[in-house]
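Data first, discussion second: the structure below is written as structure tokens.
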Amino acid sequence: MPRDTLTGSRIRERRIMRGLKQSELARQAGISASYLNLIEHNRRRIGGKLLNDIAAILDVEAVMLAEGAEATLIATLREAALDAPRAGAELDRVEEFAGRFPGWAQVLSDARARVAGLERSVETLTDRMTHDPHLAASLHEMLSTVTAIHSAASILAEPGDVDPEWQARFHRNIHEDSERLAETSRGLVTYLEADSEAATELGVPQEELDSVLEAAGHHVPELEEGGAVEDAAARLGAGLSNTARQLLDAWLQRYAEDARAVPIEALRLPLEEDGLDPMRLSARLGSEPARIMRRLAAMPPEVLPDPVGLAICDASGVLSYRKPLPDFPMPRFGAACPLWPLYRALNRPWAMLSMPVQQPVRNETRFQADALATPLGGIAVNTDPLFEAHMLVRPLPARDDGTPATAVGAACRICPRMECHGRREPSVLAG
Amino acid sequence: MAGHVLLIEDEPNIIEAIRFILSRDGWQVDTHSNGSDAVEAVQRKTPDVLILDVMLPGRSGFDILRELRDNPETAALPVLMLTARGQSKDRELAERAGVNRFMTKPFSNAEVLEAVRALGPAHQPE
């Protein structure tokens, strides 16, 4: 859903935050409560004088209501504030900041992402210094050789007579050791240079892939038309590190198989008639639900009745794919909320878990989450299957407010639910 | 003679330099280059001071030191450990294993000489 069509949701959110009843806001704005209700549920467009009036009543700039601020951007800004607690960032005004200065907010958010990437590189390099046996052996060899040279040279340089025979021996030793040192140094440089490409990849290949998919809208037109994976990889993979390129190739391969099994044209009518329910679509199209979820995430906006988000994780819980929604952010780094049905599905393989969920970021927006864990690979003798879990999230209609939603978050650091038994670390929102 | 030193180190030119400076100071110096039979070499040669490298072929200096400390005959033997690994956890490992002095490469001749003199028989309690 385009951002400007969510103006009504933002009005509703602001109104509730200010403790104003719908009827009261309608009265002050000079419209009927039923008309405001339609606006708040995004069924009537709003602009011009009425938007300005409502903004004035809610004490917010009209542009904030019209354009809002991306939840993911705000989440990243909160994380940036946590990284610099002494700066005293005004967390209670983060949305206002993001709304009024979106460019600066994006700069800050990008810088925070870059810092996080560099920190991980340093961590990896430190780890490598400690655990790379070749590097450790080379450095040990160099230090031993330097020690031998240092000792022999000191003997020759110190005052006092040294027997000519010993002098000759130490000269020879220094010569031998200096040659050995040169050779070890050259070998080390060659090793590090040969590995420099790998070193540049120490950042975050998964993040590189995420950026490519986000830029492409998670949709690959050439594969929808039966094109070659190699062509799509050449178009999308320019400038990626080797590891990220491998991730992209694997993702495209799966995309191509999915597109062949469930072509976009086969999806249009069922989507119109049955909506986004992956189980119903699966039964109607005769395709497995996980594949249907991936296909929905790959659809361009005009094909879908509502935008969908998708998270895929492996059996260790690491997110291998993320397509967040503005009101259902997914963490760029680190682990997500352990309460997501995605992880519960790993405990109940082959069972479709379907439930309303609600993130505290936009507490008025409820999503239906459908999660399913299925095995990777085929059946093998005496080998336990490895599971992979998918979770599709789709906005629930505003009128559907019957079933209580499961309270979840995006990640602990930016989650205000302090009492949560799944909390791993303190929240930036604490206190 | 100042005393008897056994140097267990696999780097020949380090052996030569240390042997020279200690011999010049009046020490009898024996050497051994292998980790796997180092404990036997210590028992056979009964030195007054042991200089022990950490990274030896066949067995680590930490293991050798632990076995020496477990044996009543060598439990009190003064040991100077040499290593290219200067991390604090290595120093801690050495201290836990019962080292008397710990020195990281590259070290100076004067430092080695001073350490051996301090560990030698003239400085040991009766």
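Which chain is which? The protein sequence lines are A and B, in order.
First residue of the first sequence? That's 35 in the numbering used here, and the numbers climb one at a time after it.
First residue of the second sequence? That's 34 in the numbering used here, and the numbers climb one at a time after it.
Quick reminder that beta carbons are idealized off the backbone N, C-alpha and C, glycines included.
In this text, all values refer to a predicted model and were calculated from it rather than measured experimentally.
Beta-carbon proximity of residue i to residue j, cut-off 7 Å
{"i": "H424 of chain A", "j": "L410 of chain A", "result": "no"}
{"i": "R400 of chain A", "j": "Q392 of chain A", "result": "yes"}
{"i": "L40 of chain B", "j": "I54 of chain B", "result": "no"}
{"i": "L430 of chain A", "j": "P390 of chain A", "result": "yes"}
{"i": "A96 of chain A", "j": "N86 of chain A", "result": "yes"}
{"i": "G443 of chain A", "j": "C371 of chain A", "result": "yes"}
{"i": "R313 of chain A", "j": "M386 of chain A", "result": "The residue asked about is misnamed: residue 313 of chain A is Met in this sequence, not Arg. For M313 of chain A and M386 of chain A, yes; Cβs fall inside 7 Å."}
{"i": "A331 of chain A", "j": "K357 of chain A", "result": "yes"}
{"i": "L466 of chain A", "j": "Y289 of chain A", "result": "The first residue shown for chain A is 35 and the last is 465, placing residue 466 of chain A beyond what the model contains."}
{"i": "A120 of chain A", "j": "E74 of chain A", "result": "The sequence given here has Arg at residue 120 of chain A, not Ala. In this structure, E74 of chain A does not lie closer than 7 Å to R120 of chain A by Cβ."}
{"i": "R329 of chain A", "j": "D292 of chain A", "result": "yes"}
{"i": "T110 of chain A", "j": "S57 of chain A", "result": "no"}
{"i": "L113 of chain B", "j": "T107 of chain B", "result": "no"}
{"i": "H97 of chain B", "j": "A127 of chain B", "result": "According to the sequence as given, residue 97 of chain B is Ile; it is not His. No, Cβ-Cβ distance for I97 of chain B and A127 of chain B is not below 7 Å."}
{"i": "R99 of chain B", "j": "A148 of chain B", "result": "no"}
{"i": "R146 of chain A", "j": "A115 of chain A", "result": "no"}
{"i": "P139 of chain B", "j": "V180 of chain A", "result": "yes"}
{"i": "L373 of chain A", "j": "D404 of chain A", "result": "no"}
{"i": "E175 of chain A", "j": "T224 of chain A", "result": "no"}
{"i": "L83 of chain B", "j": "L110 of chain B", "result": "yes"}
Cα-Cα separation between residue i and residue j, rounded to whole angstroms
{"i": "A233 of chain A", "j": "R220 of chain A", "result": "Any reading at A233 of chain A must be qualified, since the residue scores a pLDDT of 44, below 50, and its modelled position is unreliable; the value itself is stated next. Using only the alpha carbons, I get a separation of about 18 Å."}
{"i": "E231 of chain A", "j": "E130 of chain A", "result": "Confidence at E231 of chain A is low in this model, with a pLDDT of 48, below 50, so its placement is unreliable and no value can be given for it."}
{"i": "L54 of chain A", "j": "P323 of chain A", "result": "42 Å"}
{"i": "E73 of chain B", "j": "R92 of chain B", "result": "13 Å"}
{"i": "Y69 of chain A", "j": "L92 of chain A", "result": "17 Å"}
{"i": "R447 of chain A", "j": "A132 of chain A", "result": "19 Å"}
{"i": "L85 of chain B", "j": "L115 of chain B", "result": "6 Å"}
{"i": "R48 of chain A", "j": "D117 of chain A", "result": "28 Å"}
{"i": "R79 of chain A", "j": "R279 of chain A", "result": "43 Å"}
{"i": "A266 of chain A", "j": "F362 of chain A", "result": "29 Å"}
{"i": "E241 of chain A", "j": "T408 of chain A", "result": "25 Å"}
{"i": "P341 of chain A", "j": "W138 of chain A", "result": "27 Å"}
{"i": "D126 of chain A", "j": "I108 of chain A", "result": "11 Å"}
{"i": "R134 of chain A", "j": "M98 of chain A", "result": "7 Å"}
{"i": "V196 of chain A", "j": "H205 of chain A", "result": "12 Å"}
{"i": "H253 of chain A", "j": "D308 of chain A", "result": "22 Å"}
{"i": "V337 of chain A", "j": "I298 of chain A", "result": "9 Å"}
{"i": "S66 of chain B", "j": "E42 of chain B", "result": "5 Å"}
{"i": "E453 of chain A", "j": "P375 of chain A", "result": "19 Å"}
{"i": "L319 of chain A", "j": "A300 of chain A", "result": "8 Å"}
{"i": "V141 of chain A", "j": "P419 of chain A", "result": "44 Å"}
{"i": "V263 of chain A", "j": "V128 of chain A", "result": "42 Å"}
{"i": "L77 of chain A", "j": "S66 of chain A", "result": "The amino acid occupying residue 77 of chain A in the given sequence is Arg; Leu does not appear at that position. The alpha-carbon atoms of R77 of chain A and S66 of chain A are separated by roughly 15 Å."}
{"i": "E49 of chain B", "j": "P105 of chain B", "result": "31 Å"}
Whole-number beta carbon distance between residue j and residue i, since they are thought to touch under 8 Å
{"i": "A349 of chain A", "j": "M364 of chain A", "result": "Actually they are not in contact, since the Cβ atoms of A349 of chain A and M364 of chain A sit about 19 Å apart, beyond 8 Å."}
{"i": "I189 of chain A", "j": "N142 of chain B", "result": "7 Å"}
{"i": "A117 of chain B", "j": "L243 of chain A", "result": "Wrong, their Cβ atoms sit about 40 Å apart, outside the cutoff."}
{"i": "R428 of chain A", "j": "L310 of chain A", "result": "5 Å"}
{"i": "D63 of chain B", "j": "P80 of chain B", "result": "7 Å"}
{"i": "G153 of chain B", "j": "G68 of chain B", "result": "No, G153 of chain B and G68 of chain B are not in contact; Cβ-Cβ is about 24 Å, not under 8 Å."}
{"i": "F421 of chain A", "j": "P460 of chain A", "result": "Incorrect: roughly 31 Å between the Cβ atoms, too far for contact."}
{"i": "A250 of chain A", "j": "A369 of chain A", "result": "Not confirmed; about 26 Å, so no contact."}
{"i": "E144 of chain B", "j": "M136 of chain B", "result": "6 Å"}
{"i": "L222 of chain A", "j": "S172 of chain A", "result": "5 Å"}
{"i": "P239 of chain A", "j": "L270 of chain A", "result": "Actually they are not in contact, since the Cβ atoms of P239 of chain A and L270 of chain A sit about 14 Å apart, beyond 8 Å."}
Cβ-based burial, residue i [other Cβ within 10 Å; buried from 16]
{"i": "I413 of chain A", "result": "exposed"}
{"i": "T417 of chain A", "result": "exposed"}
{"i": "M327 of chain A", "result": "buried"}
{"i": "L89 of chain B", "result": "buried"}
{"i": "N276 of chain A", "result": "exposed"}
{"i": "H455 of chain A", "result": "exposed"}
{"i": "N25 of chain A", "result": "Any answer about residue 25 of chain A is impossible in this case: the structure gives chain A only from 35 up to 465."}
{"i": "R37 of chain A", "result": "At R37 of chain A the pLDDT is 43, less than 50, meaning the model places this residue with poor confidence; the figure from the coordinates comes in the next sentence. It counts as exposed."}
{"i": "Q402 of chain A", "result": "buried"}
{"i": "G94 of chain B", "result": "buried"}
{"i": "R44 of chain A", "result": "buried"}
{"i": "G194 of chain A", "result": "exposed"}
{"i": "R52 of chain A", "result": "exposed"}
{"i": "R112 of chain A", "result": "buried"}
{"i": "G343 of chain A", "result": "buried"}
**Study point:** Unbroken stretches of the beta strand (DSSP E), 3 residues or longer, contained in the stretch 274-361 of chain A
**Key:** 343-347, 353-357
Review point. Which residue spans inside the stretch 81-112 of chain A form an unbroken alpha helix (DSSP H) run of at least 4?
Key: 82-91, 96-101
Review point. For the stretch 82-123 of chain B, which segments carrying the alpha helix (DSSP H) assignment without a break, of at least 4 residues, lie completely within its bounds, in sequence order?
Key: 94-103
Exercise for review: For the stretch 237-261 of chain A, list the alpha helix (DSSP H) runs that are entirely contained and at least 4 residues long, ordered along the chain.
Suggested key: 239-249, 255-258
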